[in-house]
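Numbering (this note's numbering), first residue to last: 30 to 171.
Note that CB positions come from ideal geometry on N, CA and C, so glycine has one too.
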Amino acid sequence: MTNLVLDAPGDPTADLLRQFGAADPRLQMFMQLIRQRQPASPAEPQGSQAALDRLTARSERLREVCRALRARNDYLASALGACARCWGEDEECPLCDGRGAPGAFEPRPDAFEACVVPAVRRQRVAVARSEPEPVSDGRRPA
Ligand SMILES: [Zn+2]
30 MTNLVLDAPG DPTADLLRQF GAADPRLQMF MQLIRQRQPA SPAEPQGSQA ALDRLTARSE
90 RLREVCRALR ARNDYLASAL GACARCWGED EECPLCDGRG APGAFEPRPD AFEACVVPAV
150 RRQRVAVARS EPEPVSDGRR PA
């Protein structure tokens, strides 16, 4: 049978047990119960390192998501002629002093063509579908 308590070299508890008669099986069982309640110290650094690795990987993924969203925000703001930093919602914005709402600046033509034009086309179709049918003489009903 392995003597778990006394197998720990340099452990002050093991030294103490040797002094007080480690041959007593009741004392051995008592010490084993105490050991089982304590976290295994060698596992802590590994667990901490694994947790740190997970957090680092998650942080890097979030950083990537943030970079992608920032790029999309900047592109859409340029398509709409808005301040990419605040969209005109921050009077203390160093770029626009809160005057950068959509349409405040000249839109970037290629971004406008790619983002806004298809949306406007779709909106026109939706509006046309929701309008009542014109009467036979070409006038709309009252
Ligand atoms: Zn701004």
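Asked: Cβ contact (3+ pairs, closer than 8 Å) linking the stretch 106-118 and the stretch 128-141; Found: yes
Asked: DSSP three-state assignment for residue 160, whether helix, strand or coil; Found: coil
Asked: Proximal residues to residue 126 (C-beta, below 8 Å), its chain only, five neighbours per side dropped; Found: 120
Asked: Rounded C-alpha distance that separates residue 141 from residue 107; Found: 8 Å
Asked: Buried or exposed by the 16-neighbour rule on C-beta atoms within 10 Å, applied to residue 58; Found: exposed
Asked: Residue ranges of each alpha helix (DSSP H) within the stretch 70-142, 4 or longer; Found: 72-109
Asked: Closer than 7 Å: residue 114 CB and nearest ligand 3 heavy atom; Found: Although ligand 3 was asked about, the structure shown includes only ligand 1 as ligands.
Asked: Cβ distance (whole Å) where residue 144 is taken to contact residue 98 below 8 Å; Found: Between residue 98 and residue 144 the Cβ distance is about 15 Å, and since that is not below 8 Å, they are no contact.
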